[in-house]
Structure formats: structure tokens, C-alpha cells
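Novice: Pasting a structure below so you can have a look.
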């Protein structure tokens with residue numbers, strides 16, 4: 097049997113561009129995902145600022161109608177598919193092998209391929225900006241027949257289709273890696289019910305990706321065939337169905353919102369116990385709730401289609417109400433974790449607490465929208481916009497920032513400035529509230545979404561101005577974070593393995609971890625092996641962990 | 611100098627937010643029988659949602675303030691892992707609440723979607739990029755308009771009005787905010803809606819499904835008048851040419 | 290009956306169970322949906338999910354190799370450490386593994402691959418080829434070149450690793466040497 101040896105990488109080597117292009121290390125790939133998705137986030141955020149600037153007062157001041165349609169299409173596409181989904185994948189990439197005690201993913205090269213497909217796909221979507229007719233303008237939901245010829249003719253939409261097909265494949269390949277790694281690479285002693293809650297959320301997220309993304313990919317291929325190859329899948333005048341696109345899109349689209357929610361629920365489940373100094377309350381129920389949310393996410397898709405008149409209101413209404421219950425279970429378990437704890441308000445915990453308030457309102461308004469008669473009044477208005485920004489920004493983005501502050505020391509060996517972090521958090525909490533709470537009223541009083549302009553006599557100008565002011569605060573509030581990152585990376589790496597006194601296995605190795613992750617792993621007797629080891633060490637060497 | 615200050619500030623911010631939330635999201639009073647039904651359901655659902663929201667927000671605020679780490683440092687709190695009784699309670703109660711929501715929802719939905727009553731006026735509505743045509747098939751009358759301000763469609767008040775919705779191109783959606791109502795206008799799947807306006811007046815309508823460049827520029831006005839006035843208007847329209855001249859986009 | 294079900298269930302690795310559960314769930318949903326709404330598109334989507342998962346299950350069951358000793362990966366992933374730990378006199382198999390630091394991961398059958406440009410090339414290749422429907426043959430030809438190079442490099446490396454691993458489930462000496470260096 098041939099013995100194959102490999103030169104160990106010199107520890108002090110600085111990574112070059114070639115290092116990054118050729119890496120198969122899940123930690124580097126995770127950082128690539130996080131960086132790329134954050135850059136997409138900044139660009140998508142700029143688009144949002146232009147949208148809000150346009151809507152501040154009536155009249156078209158900055159863009160024309162076509163330009164506005166491109167704005168909200170690209171903003172939505174970038175935020176959902178080029179930011180939120182890959183950011184979750186980036187966190188998962190970095191953390192899953194560490195949290196289960198493995199040296200890497202099961203398929204490291206496939207992992208790298210996932211990242212490159214995502215990056216190239218995203219760049220192809222954005223390349224619409226380089227064309228004469230501009231980027232896609234069909235809404236991130238791309239409803240047919242509007243997205244077919246002869247109604248939407250620009251090449252920007254074709255590039256959007258192709259780019260998203262690539263990013264979809266990237267997500268599917270990533271999901272394969274996550275599921276395989278979680279199932280087969282757990283360190284001895286780590287049963288499934290000792291996995292960190294974050295790992296469970298990634299497992300369910302991956303199952304959702306595996307079973308929902310093909311619907312999107314299929315729909316995109318069908319749309320491309322309709323547009324460029326004479327097919328008629330979505331043309332009723334030729335025997336196709338315009339409703340079919342919506343079924344396909346939302347069969348993907350609703351699991352997609354749980355794909356970008358569940359990992360961030362998992363982040364909250366990691367942060368709150370650490371800063372409450374207690375174990376997560378109701379671990380098994382959290383796991384069960386995660387599985388139920390994932391399973392039920394395939395039963396609710398047509399609550400986005402109540403106004404089509406083509407779907408069963410009662411079926412999808414009861415399904416939407418049912419899925420609220422496990423989400424509530426998670427909420428109460430988070431509060432149960434805080435209850436009786438000893439809280440410290442480090443920046444990650446601030447984001448987690450902000451999440452609790454904001455996701456609460458976003459979630460409740462989602463239940464309201466799940467009632468078809470109410471949806472008849474509120475669908476396609478700013479009420480829906482306020483709802484989904486509540487859960488996606490107040491929920492997922494707040495949790496993501498919490499995650500970044502929490503795991504930044506592990507990833508880089510440096511801690512982000514607490515002062516700048518607090519500036520970031522408070523301006524985002526205020527900015528978010530100002531931007532989006534008025535939008536509930538705007539929507540309820542009839543302001544439609546995807547409108548480039550609104551009448552001056554509708555009485556909406558004041559609220560729109562407030563909302564725009566809030567969005568500027570969000571934009572400004574991002575600056576402390578960027579400054580904090582730059583400053584931190586300039587400092588020497590000085591963080592210990594476990595700066596927060598945390599619970600899961602990634603805190604059992606150095607910050608940042610070595611190439612192969614672990615030189616030794618503490619005994620695994622619960623979902624908090626690092627906590628158990630710390631307690632055992634304090635109790636003294638003669639006491640064995642129970 | 612302790613951590614008390616920022617946390618108390620947090621409490622006040624949260625309270626303000628909660629109050630702001632309660633005030634937000636007021637629907638106009640529905641001007642149709644169905645709209646009133648929807649408005650009542652909305653009020654009821656919001657009361658329940660607000661109650662749940664305030665309850666949970668107070669729980670969060672209380673626990674965040676009450677269980678702050680004090681100066682006594684590092685002692686671990688009781689490492690409670692869970693409580694089966696609580697899990698049951700906070701599973702069963704939300705289930706009961708949403709079951710109640712569902713029952714109320716289905717009742718209202720059935721009434722809103724019903725097309726059983728004999729209509730006092732029947733219209734064929736065609737949406738297109740970017741305007742509307744309203745035809746009165748039994749009456750040989752049609753009104754049509756492109757862009758702003760769009761056509762004025764006249765219907766009798768206090769009688770069921772039935773509209774059959776078809777698009778000649780992409781998916782649009784007929785929305786009348788003061789009716790608390792919208793329904794998609796599809797090129798394939800035809801929708802039939804029926805409503806009874808209770809107050810005479812002019813009600814603004816708009817397109818509520820993204821349909822291309824001028825999606826925001828295809829409004830219309832629905833004018834509800836007494837039956838006598840409606841009949842007179844129909845007679846006038848029949849005498850004039852069938853289709854109203856298209857109004858210009860500004 | 291329940292003993293039969295248990296025998297059927299426990300005889301299969303986790304992959305099979307995973308796909309079986311999905312197939313059952315989607316199948317039940319599809320049935321309920323059809324009965325409740327008689328709507329074709331949604332029913333087809335759910336039934337399609339059930340069929341695809343069911344086909345995967347059947348393929349895994351049919352293609353299962355005859356009974357062989359479970360790999361360390363299967364042992365680690367299906368063991369119940371809580372039960373094992375409670376048995377008196379049970380060795381502490383968690384954390385460091387039975388051979389301590391030298392063999393830290395009982396379930397490591399493979400090794401961490403070297404850094405390679407192959408994934409980048411394959412990704413670039415697919416991306417360029419995907420532009421074909423939009424721009425024509427030019428990007429497709431470029432893409433094919435990148436894809437071919439990347440795939441060749443990838444498969445070559447994989448074949449080497451497979452040959453190196455043949456007949457052993459121990460970690461390769463390279464990784465142990467690397468660990469000892471630190």
C-alpha cells in the first residue's frame with residue numbers, strides 16, 4: 097500500500113490570492129462565503145437607500161419607473177439569494193465541522209465548488225448592470241407571464257435566471273455536505289441529541305434546501321425555455337398556466353424563508369445560553385420545534401397566493417396558523433433560558449435581545465396575513481413589506497450580526513470593539529423601528545408595494561419621510577461595524593480559545609483553530625462539552641465529569 | 611456606573627415601540643358589507659395578536675431586567691434544563707388560539723367569497739398593460755381608460771355587484787383599499803367576485819400585482835350611486851359611443 | 290408486527306431512514322392536499338417529492354452491500370453513547386477516542402485533501418457554460434476548457450487518494466505526522 101505524505105503548511109505563512117482560490121478548508125470557505133455575502137449585502141443595502149430616497153416624497157426624483165422596478169428586483173434578489181442564504185451557509189461552513197468535532201466537511205472540494213458556483217452565479221446576476229438595458233426588472237419573485245416575452249425582453253432577466261440557477265445548485269451541493277458531515281463526522285460521544293442547537297437548525301435547513309431548491313431551478317429553466325426557446329409553460333393562451341409559476345416559485349419560496357430563518361434561530365439558541373450562564377431551556381423541544389417548522393414549511397406555500405383565487409384558502413390558512421405554534425415554542429424556550437439566568441449584555445447578547453422583540457412583531461403580523469380575508473386587504477401592500485422585513489432583518493440580520501460579534505474572536509483571534517458594537521446595535525434598533533413600523537400603517541391604509549410613486553394627496557408623505565430617515569440611520573449605523581472589523585484585523589491576534597466562556601466544541605480549540613481543527617477534544621456528555629470541561633477543571637482533577 | 615442605565619433605556623425604548631405598534635396598522639372602515647366583515651375580523655385578530663405580543667414583550671423585558679448579572683460575580687445560576695409542564699402549556703394555548711382564529715377566518719372567508727346572491731349589476735372587467743376596461747354585458751355599455759386618472763366605473767349602491775375578472779396580458783390585481791379587498795386578474799384563471807357597496811361615493815382603485823413599467827400608473831375610480839342614478843347613467847352611456855375616450859397619461 | 294417494523298427499521302443506515310421519512314411525509318401531505326383541495330400543481334409537487342425520495346430509498350435499500358462489519362463512521366453515527374456510558378465499567382469512548390490523541394477521530398476514513406484549483410476551475414467552467422443560452426457558443430467553449438481541466442485534476446487527485454486508502458480504515462500517516470509536528 098502506497099504511503100502518501102503531504103507537506104504540512106508552514107504555520108506563519110500569510111495566505112495569498114492563490115491560497116484563497118485553491119482552499120478546501122471549510123474555515124476559509126466559510127470566511128469566503130461570509131465576506132462575499134456581506135459585500136452583496138452592502139450593495140443591496142445601497143439599492144434600498146435609493147428606493148427609500150425615491151419614496152421619501154411624492155414624484156419621481158431619482159429614477160424613472162423602469163429604474164425603480166430594477167431597484168426593487170435586484171434589492172430583493174440580492175438580499176434573499178446572494179446575502180441571507182449564503183451568509184447562513186458561511187456560518188454553517190465555518191462552524192459545523194468544529195461543532196461536531198470533525199477535521200473538515202465530508203466533501204471538502206465539493207464545498208469549495210459550492211462557494212465558487214455561488215460567487216459566479218451572483219456575479220452573473222449582477223452583470224445585468226453592465227448591459228445596455230440594465231439588470232432584471234421582474235421582481236425577485238419573477239411572476240409569469242410578466243417575466244416572459246413579450247413583456248420582459250431585456251437580457252438582464254436572462255442573466256438573472258442563469259445566475260440564480262447556478263447559486264441554487266451551489267446551495268444544494270452545500271446542503272449535501274452539511275447533512276453528510278452532521279450525520280457521519282460527529283466525534284465519539286456526540287449523539288444526535290447532544291448536537292448544538294445550531295447544528296440541528298443547519299441539518300433541517302439543509303433538508304429544506306435539498307427538497308425546495310430543485311423546484312426553483314426547475315421553474316427557472318422552464319422560464320428560460322419560455323423566454324428564449326419558444327416554450328409555453330406559463331402562457332395560458334397556449335395551454336400553459338400562469339398560476340403554475342407561482343406554485344413552483346412558492347413551493348421553493350416558503351421553505352426558502354425558513355432556510356434563511358432557521359440557522360439564525362440556531363444562532364440565538366447558541367448566544368442566549370452563553371450570556372445567561374444557563375443551558376438552553378427545553379433542548380429536546382427546540383429540536384422538535386425545528387423539525388416541525390421544517391416539515392410544515394412544505395404545507396404553507398400558497399399563503400402567498402390567496403388573492404389568485406386559484407388555491408384553497410382554508411387549507412393554507414390552517415397550515416400557516418399551525419406553523420406558528422412551533423415558532424412560539426422556540427420563543428418561550430429562549431425566554432425560559434433567560435429566566436433565572438445571570439445575564440451580561442455583551443454585544444452578541446444585545447443583538448439576541450433585539451431579535452426577540454423584532455421577530456416577535458414580524459412573526460405575529462405573519463399570522464395575521466395567514467388569514468385569507470385579511471390578506472385580501474393587506475396583500476401586495478406595505479403591510480407585507482413591513483412583515484417580512486421584520487422577520488428577515490429584525491430576525492435573521494440581527495441574529496447574523498450577533499453571530500458575527502460572537503464568533504469573530506474564534507474566526508480571527510481578535511475581538512470586535514464593544515463600543516463600536518453598541519453604536520452599531522442601537523442605531524440599527526432605532527433605524528429598523530423607524531423604517532418599518534410605519535410601513536404597517538402605510539400598507540393598512542392602502543399603499544401598494546412595488547409602486548415607484550404615490551399620490552401627494554394620499555396622506556402618506558409624512559410616514560414615507562420617517563421611513564426614509566430610518567433607512568438612512570440603518571445605513572449610517574453599519575459604518576461602526578465596518579470600522580470595528582478593520583480596526584480589529586489590524587490588532588494582533590490575542591484571543592484565547594474560549595473568550596466568552598461558551599459551551600460548544602468550537603471553543604475547545606485555539607482562536608483561530610489550526611488547519612485540522614482539533615488536537616484534542618474534551619469528553620462529550622451533553623450539548624455543552626466545553627462548559628462541562630470547564631466545570632470539571634474548576635472542581636479539580638480528582639472529580640470525573642458526570 | 612453599572613449596566614443599569616443602558617438596560618433601563620432599553621426598557622423604555624421597548625415600551626415605546628410596543629405602544630407604537632399598537633397604534634399602527636389601522637384599516638379604513640370597509641365601505642362594503644364584505645369589507646365591514648373583514649374589518650371586524652381584523653380588529654378581533656389584532657386584539658388577540660396585540661395581547662399575545664404585549665404579554666411576550668413584557669415577559670422578555672421583565673426577564674432581561676430582572677435577571678441581570680449583579681456585582682456578586684461568577685456564581686452560576688441554577689442550571690435548569692427545562693420544564694415539561696411549561697412546554698405543554700405553551701404548546702396547547704397557542705394551538706387553541708390559532709384554532710379560534712381559523713374558525714373566525716373560515717366564517718368570514720365564506721361570506722366574502724360568496725357569489726350566491728343575485729347581483730344587481732354584472733360587469734366584465736379586463737385588465738391590461740396599463741389600464742382597465744369595464745363592460746356591462748347585459749347593457750351594451752363599456753368604460754375604459756389607460757393610465758392616470760383611469761376610467762370611472764359606476765355601480766349601484768346597496769345591491770350585490772358581480773365582476774368577472776380577466777387579463778388580456780399579464781397578471782394584474784384589482785384592489786380597492788376602502789373595500790379592504792383585492793383579487794388577482796389573471797390571463798388564464800378567471801376570477802368572479804361579488805360585493806355590496808353600502809355607502810354612495812367615489813372609491814379609488816389600483817393595480818396590486820406587479821405588471822411592468824407602469825404598474826403604479828393604472829388607477830380607476832369606482833362610483834357607487836343610488837339605483838335610479840345608475841339606471842340613468844347606463845341610459846346616457848348607451849346613447850353615447852360604447853367606449854369612453856382613453857384618458858392620457860400625464 | 291412491531292418487531293417486524295423494528296427489524297426493518299434498524300437494519301438500515303441513517304441515509305435510508307432519512308429518505309424514507311421524507312417520502313412518507315410528502316406522500317401523506319400530498320394525499321391530504323389532494324383530498325382537501327383537488328389542486329393539481331401542489332399535489333404533483335408533493336407527490337413528486339414523495340416519489341423522488343421513495344426512489345432514493347429504494348435505490349439505497351436495493352444497492353445495499355451484503356452484511357459487513359459497520360464502518361467506524363456508522364458506529365459513531367448510530368451509537369447511543371448515553372446508554373454505553375451508564376453501563377458500569379464502560380470505557381470512556383467520548384472525546385479523545387480510544388487511542389487518545391494519536392487517533393482523535395474514530396470515524397475519519399478519509400483525509401483532508403490538498404489545496405487545489407480544481408473546484409475553482411469547475412465552478413468557472415459551469416458558470417461560463419451556463420451563459421450559453423444567453424450569449425451563444427463562445428462562453429460555452431471557454432467553459433468546457435475550464436471544466437475539463439478542473440474535472441481532470443479533481444478526478445486524478447481523488448483516484449490517488451482512493452488508491453492510497455485501499456484496504457485500511459486508519460488515518461493516513463501524513464495527518465498523524467502533521468499532528469505530531471504541532
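Protein chains in written order, with my numbering: chain P, 97 to 642; chain Z, 611 to 860; chain B, 290 to 471.
By construction, the Cβ of each residue, glycine as well, lies at the ideal position given by its N, Cα and C atoms.
What in chain B is Cβ-close to residue 258/P, meaning under 8 Å?
Specialist: 419, 420, 422 and 423
Novice: Suppose the cutoff is 6 Å on Cβ atoms and the five residues either side in sequence are ignored; what does the same chain contact list for residue 130/P look like?
Specialist: Hits under 6 Å: 186.
Novice: Using a Cβ cut-off of 8 Å (strictly closer), state whether residue 407/P contacts chain B.
Specialist: yes
Novice: Name, please, each residue of chain P whose Cβ falls closer than 9 Å to the Cβ of residue 847/Z.
Specialist: Within 9 Å Cβ-Cβ: nothing; residue 847/Z doesn't reach chain P, min ~27 Å.
Novice: Does DSSP classify residue 449/B as helix, strand or coil?
Specialist: helix
Novice: Distance check for residue 773/Z and residue 729/Z, CA to CA, integer angstroms please.
Specialist: So the two alpha carbons sit approximately 10 Å from each other.
Novice: Roughly how far, in whole angstroms, is the beta-carbon of residue 492/P from the beta-carbon of residue 199/P, given that I think they are within contact range, below 8 Å?
Specialist: The pair is not a contact, with the Cβ atoms about 29 Å apart (cut-off 8 Å).
Novice: What did DSSP end up calling residue 792/Z once you bin it into helix, strand or coil?
Specialist: strand
Novice: Residue 262/P CB to nearest chain B CB: under 8 Å?
Specialist: Taking a beta-carbon distance threshold of 8 Å, residue 262/P counts as an interface residue toward chain B.
Novice: Could you run through the stretch 537-553 of chain P and flag, in chain order, every residue whose CB is less than 7 Å away from some CB of chain Z?
Specialist: 537, 540, 541, 542, 544, 546, 547, 548 and 549
Novice: Please compile the residues from chain B whose C-beta is within a distance smaller than 8 Å of the C-beta of residue 220/P.
Specialist: 416, 419 and 420
Novice: Bridge partners of residue 746/Z, per DSSP?
Specialist: 751/Z
Novice: Taking Cβ-Cβ distances below 7 Å as the criterion, which residues of the stretch 798-815 of chain Z are in contact with chain P?
Specialist: Of all residues in the stretch 798-815 of chain Z, 798, 799 and 801 have a Cβ within less than 7 Å of some Cβ in chain P.
Novice: Taking residue 374/P as the query, report the chain Z residues whose CB atoms sit under 7 Å from its CB, ordered along the chain.
Specialist: Correct list: 687, 689 and 690.
Novice: Rounded to the nearest angstrom, how far is the Cβ of residue 266/P from that of residue 320/P, given a contact under 8 Å?
Specialist: Actually they do not touch by this definition, with Cβ atoms about 18 Å apart.
Novice: When DSSP labels each residue in this structure, what does residue 642/Z get in the three-state scheme?
Specialist: strand
Novice: Of all the CB atoms in chain P, is at least one closer than 8 Å to the CB of residue 700/Z?
Specialist: yes
Novice: Could you please give the first and the last residue of the uninterrupted beta strand (DSSP E) stretch that includes residue 816/Z?
Specialist: That run of the beta strand (DSSP E) goes 811-817.
Novice: Hey, residue 374/P and residue 297/P are a contact pair by Cβ (cut 8 Å); roughly how many whole angstroms apart?
Specialist: About 20 Å; that fails the 8 Å criterion.
Novice: Helix or strand or just coil, what does DSSP make of residue 772/Z?
Specialist: Strand, per DSSP.
Novice: Closer than 8 Å, Cβ to any Cβ of chain P: which residues of the stretch 400-412 of chain B, in chain order?
Specialist: Residues 401, 402, 403, 404, 405, 406, 407, 408, 409, 411 and 412.
Novice: Which runs of the alpha helix (DSSP H) at least 4 residues long sit entirely within the stretch 521-596 of chain P? Give them in chain order.
Specialist: 557-586
Novice: Tell me, please, which residues DSSP counts as bridged to residue 731/Z.
Specialist: 771/Z
Novice: As a quick exercise: from 538/P, 613/P and 133/P, pick the residue whose alpha carbon is nearest that of residue 215/P.
Specialist: 133/P
Novice: By the three-class DSSP mapping on this structure, what secondary structure does residue 387/B have?
Specialist: No answer about residue 387/B holds up, because its pLDDT of 36 lies below 50 and its placement is not dependable.
Novice: Residues of chain P with CB closer than 8 Å to the CB of residue 331/B, please, in chain order.
Specialist: 343, 347, 397, 398 and 407
Novice: Mapping DSSP to helix, strand and coil, what is residue 110/P?
Specialist: coil
Novice: Which class does residue 689/Z belong to by DSSP, given the choice of helix, strand or coil?
Specialist: coil
Novice: When the cut-off is 8 Å and only beta carbons count, does residue 386/P lie next to chain B?
Specialist: no
Novice: Short check: CB of residue 368/P to CB of residue 416/B, under 8 Å?
Specialist: no
Novice: Restricting to runs no shorter than 3 residues, where is the beta strand (DSSP E) found entirely within the stretch 329-388 of chain P?
Specialist: none
Novice: Would you list, in chain order, the members of the stretch 308-339 of chain B that have their beta-carbon closer than 8 Å to a beta-carbon of chain P?
Specialist: 311, 314, 315, 318, 322, 325, 326, 328, 330, 331, 334, 335 and 338
Novice: Given 8 Å as the limit, is there contact between the stretch 460-477 of chain P and the stretch 654-664 of chain Z, that is, 3 or more CB pairs closer than that?
Specialist: The stretch 460-477 of chain P, when compared against the stretch 654-664 of chain Z, does touch it at the 8 Å Cβ threshold.
Novice: Could you run through the stretch 603-620 of chain P and flag, in chain order, every residue whose CB is less than 7 Å away from some CB of chain B?
Specialist: 610, 612, 614, 615, 616, 617, 618, 619 and 620
Novice: Name the residue from 745/Z, 804/Z and 776/Z whose alpha carbon lies nearest to the alpha carbon of residue 769/Z.
Specialist: 804/Z
Novice: Could one say the Cβ of residue 828/Z lies closer than 8 Å to chain P's Cβ atoms, at least one of them?
Specialist: Not a single CB atom of chain P sits nearer than 8 Å to the CB of residue 828/Z.
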